[in-house]
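Single-structure report; data block below.
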Amino acid sequence: MDEKDVLALINTGRTEVADWLPGRAPVSDIATTLAAMANAQGGTLLIGVAPRTDRPVGVEDAGNAINRVLEASLSISPPLIIPFPEVTQVKSSPMVVVRIPRGMPYVYGLDGRYLTRKGGENVSLLPDLLRRLILERGDVTFESEPVRHATENALDWKQVEDYVASLSGMGGVSAREVLLKRGCLVPHNGELCPTNAGLLLFGRDPQRFVRGSDITAARFAGREMGDVFTRQDIVGTLPHQIRRAETFLIDNLRKGVQLGDTMARKEQFEFPLQAVRELVVNAVAHRDYSIQGDGIRLYLFSDRLEITSPGRLPGPVTLDNIVDERFSRNSAIVQVLSDMGFIERLGYGVDRVFALMSADNLPEPDFVETAGGFRVTLYNRPESADDLEEEPELFGGIFRGMPINRRQEYALDFLINRNNPRITNKDLQEMSPGVHSETIRRDFADLVSRGILVKMGEKRGSYYVLKKQS
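Quick note on numbering: the sequence shown equals residues 406 to 875 in the numbering used here.
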């Protein structure tokens, strides 16, 4: 770090990853900031800044200042091993620059306290955050913990048997042995008990034990959240959630028709479907399930797709190296999803997403760490987004800009283009084989709530007609 970098850091102000102390700062003050940064996202500590004016004035004896830094790092439990401090000349005065790498391997205590960074301050770690950090950095991870009050009966053994049958090289190995090898069952109090990973992957009711282990999927008509939207709450096992999320996207991503050189019609989504699939699988596989009460959010807007996951980037992964670095906080979940064909074990798909977006001449994905999570955004081209409305000319343009999924499109086509005066649940069910009747009911209810259709009659005798447009 040179003089220009030091001055820029000070001008930016104290942050979660930047702080400074006066040249004569005692060992205890240095240790406090070092421990807090080590338990957070790492950072840079400058020694030699005036306390009231925040002017870089340097240190009287750089060697003495470095010794205090080293003494401070050794007073932390366990001892904090960091790169040797640098000495940088700033305005002709020596300053000491201390770097704390991101993704330190342990939870660091100081005099019986556990600290972290909040904004530009050192603060105590709250109990739930401390537990999460211990799980993240310790030998025991949340996914490998046995679930209290859960027995083997909490697992859907039909799903387990299907999974085991799909594995090669497992002949003669029982289903329980496979789950033990995969970290989905563990011995506990003399019995076999499902782990959090086991329940998330094969549980009869995973959300009963791991709150927030779900996906909220929604599509909004414009660029911001509004009253006009389609929403689906996706629960169940992780494989089931991935499949349901994919179905939601196929139904709700806007589509256009592209004519190739041979004039053959080719359906094109507003985003590369494979890129979206990769991001959904990544979110499900790598989110922090110890953060309970908050699930994955999959939001479609007119100009972008946002996928937000609980938990910041794990271990050594940063926004700078996310394309190349390989690390997962959920190795058991990743292994089973890989067995099922959702994940290529050695490559988690981020580089593929970049390539797919580039191939479609779309902007690069945008990755952001939030206070308690991680968000990836895919942008479409606003000019092409208008071209990818669900063929609004079919309906005279009166529904342009509204999110209409494929089944709802069938229903409107049935009423408008085929000149049918009414449509029933049975009619739409026949046009959408394999779709659950409850999904059909929700599609109609959504069109009614938005003033597109009117429901007539009750129960089995009910049907739907177009609402007269003013």
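Just so it is clear, CB atoms sit at the ideal spot from N, CA and C, and this is done for glycine as well.
- With a cutoff of 8 Å on beta-carbon distance, residue 649 and residue 691 are scored as not near each other.
- Of the candidates 716, 694 and 813, 694 places its Cα closest to the Cα of residue 738.
- Counting only runs that start and end inside the stretch 582-636, the alpha helix (DSSP H) elements of at least 4 residues fall at 601-607 and 611-614.
- The beta carbons of residue 703 and residue 622 sit about 4 Å from each other, so the pair counts as a contact at 8 Å.
- The criterion of a C-beta distance shorter than 8 Å is satisfied by residue 448 and residue 422.
- Within the DSSP secondary-structure output, residue 482 pairs in a beta bridge with 514.
- By DSSP's assignment, residue 831 forms no beta bridge with any residue.
- In the structure shown, residue 496 falls within a coil segment according to DSSP collapsed to helix, strand and coil.
- With 16 or more other Cβ atoms from the protein chains shown falling within 10 Å of its own Cβ, residue 637 counts as buried.
- Here residue 439 is buried, its C-beta having at least 16 other C-beta atoms within 10 Å.
- Take residue 490, set aside five residues on each side of it, and the residues of its chain with a beta-carbon closer than 6 Å to its own are 471, 474, 501 and 503, in chain order.
- For residue 816, DSSP assigns no beta-bridge partner whatsoever.
- DSSP places residue 763 in the helix class (H, G or I) of the three-state scheme.
- Closest by C-alpha distance to residue 777, out of 601, 675, 770 and 699, is 699.
- Judged by pairs of C-beta atoms under 8 Å, the stretch 549-568 touches the stretch 585-598, as three or more such pairs exist.
- Here residue 810 has 656 and 657 as same chain residues with Cβ atoms under 6 Å from its own Cβ, once five neighbours each way along the sequence are excluded.
- The C-beta distance from residue 432 to residue 477 rounds to 5 Å, short enough to meet the 8 Å contact threshold.
- In its chain, beyond the 5 residues on either side, 453, 463, 464, 467, 492 and 493 have a beta carbon closer than 8 Å to the beta carbon of residue 499.
- Annotated three-state conformation of residue 652 is helix, per DSSP.
- Taking one beta carbon from each stretch, the stretch 845-853 and the stretch 825-833 have 3 or more pairs nearer than 8 Å; the two touch.
- In the three-state reduction of the DSSP assignment, residue 431 falls in the coil class, being assigned neither a helical nor a strand state.
- For residue 541, the enclosing alpha helix (DSSP H) stretches over residues 532-542.
- In this chain, the beta strand (DSSP E) harbouring residue 771 covers 771-774.
- Cβ-Cβ separation between residue 615 and residue 605: approximately 6 Å, consistent with a contact (criterion under 8 Å).
- Contact check for residue 723 against residue 780 fails: the beta carbons are separated by 8 Å or more.
- As the crow flies, the alpha-carbon of residue 826 is around 16 Å from that of residue 853.
- If you check the CB distance, residue 651 and residue 609 do not come in under 8 Å.
- DSSP, read as helix, strand or coil, puts residue 452 in strand.
- With respect to residue 701, residue 688 sits close: the two C-beta atoms are nearer than 8 Å.
- Cβ neighbours of residue 642 within its own chain (closer than 8 Å, five residues either side excluded): 561, 564, 605, 606, 607, 608 and 611.
- 757 is the residue among 506, 601 and 757 whose C-alpha sits nearest the C-alpha of residue 684.
- When DSSP states are grouped into helix, strand and coil, residue 711 belongs to the strand group.
- Taking all protein chains shown into account, residue 620 has 16 or more neighbouring C-beta atoms within 10 Å of its C-beta and is therefore buried.
- A residue is called buried when at least 16 other Cβ atoms come within 10 angstroms of its Cβ; residue 858 meets this threshold and is buried.
- In the DSSP assignment, residue 444 falls outside any alpha helix (DSSP H), carrying neither H nor E.
- Taken through DSSP and simplified to helix, strand or coil, residue 552 comes out as coil.
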